[in-house]
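S.K.: Quick note on the working numbering: the sequence shown kicks off at 29 and runs consecutively.
Just so it is clear, CB atoms sit at the ideal spot from N, CA and C, and this is done for glycine as well.
None of these values were measured; they are calculated from a predicted model.
Take a look at the following structure, please.
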Amino acid sequence: MALSSDDWKQKVVEQGLTICPVCESSKITYGACGVGAFLVRQEYVCEACGHEFEALFTLLGCYAARE
Numbered sequence: 029m030a031l032s033s034d035d036w037k038q039k040v041v042e043q044g045l046t047i048c049p050v051c052e053s054s055k056i057t058y059g060a061c062g063v064g065a066f067l068v069r070q071e072y073v074c075e076a077c078g079h080e081f082e083a084l085f086t087l088l089g090c091y092a093a094r095e
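Encoded structure:
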């Protein structure tokens, strides 16, 4: 059974690496990445089971650039 979106997010944050939500393998290939003003969409393919999935990243805040 595949991880729910919330469970997948929690495991990725805890482990510090992207895993497949179906088989939990870390053998992931990064695909196309779409960048918008407030959202980034990243495509992935699991090399272990072939599952294709996407992750969404959102704007959290800002910080000062190097001076």
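With 16 other CB atoms within 10 Å as the buried threshold, where does CYS48 fall?
M.R.: The residue labelled residue 48 in the question sits at position 20 within the sequence shown. Under this definition CYS48 is a buried residue.
S.K.: Using the Cβ count rule (16 or more neighbours within 10 Å means buried), how would you classify CYS21?
M.R.: Nothing in the structure corresponds to residue 21, since the chain is present only between 29 and 95.
S.K.: Taking the alpha carbon of VAL73 as the point to measure from, which residue in LEU84, GLY59, CYS51, LYS39 has its own alpha carbon closest?
M.R.: As a first step, residue 73 must be located in the sequence shown, where it is residue number 45. Ranking the options by Cα distance to VAL73, first place goes to GLY59.
S.K.: So, helix, strand or coil for GLU52, using DSSP?
M.R.: What you label residue 52 is simply residue 24 of the sequence shown in a count that begins at 1. Reduced to three states, the DSSP call for GLU52 is coil.
S.K.: Could you tell me which residues DSSP pairs with PHE81 in its beta bridges?
M.R.: The residue given as residue 81 occupies position 53 in the sequence shown. PHE81 is bridged to TYR72.
S.K.: Measure the alpha-carbon distance for ASP35 versus VAL50 and round it to whole angstroms.
M.R.: If you number the sequence shown from 1, residue 35 lands on position 7. If you number the sequence shown from 1, residue 50 lands on position 22. The straight-line gap from Cα to Cα measures roughly 11 Å.
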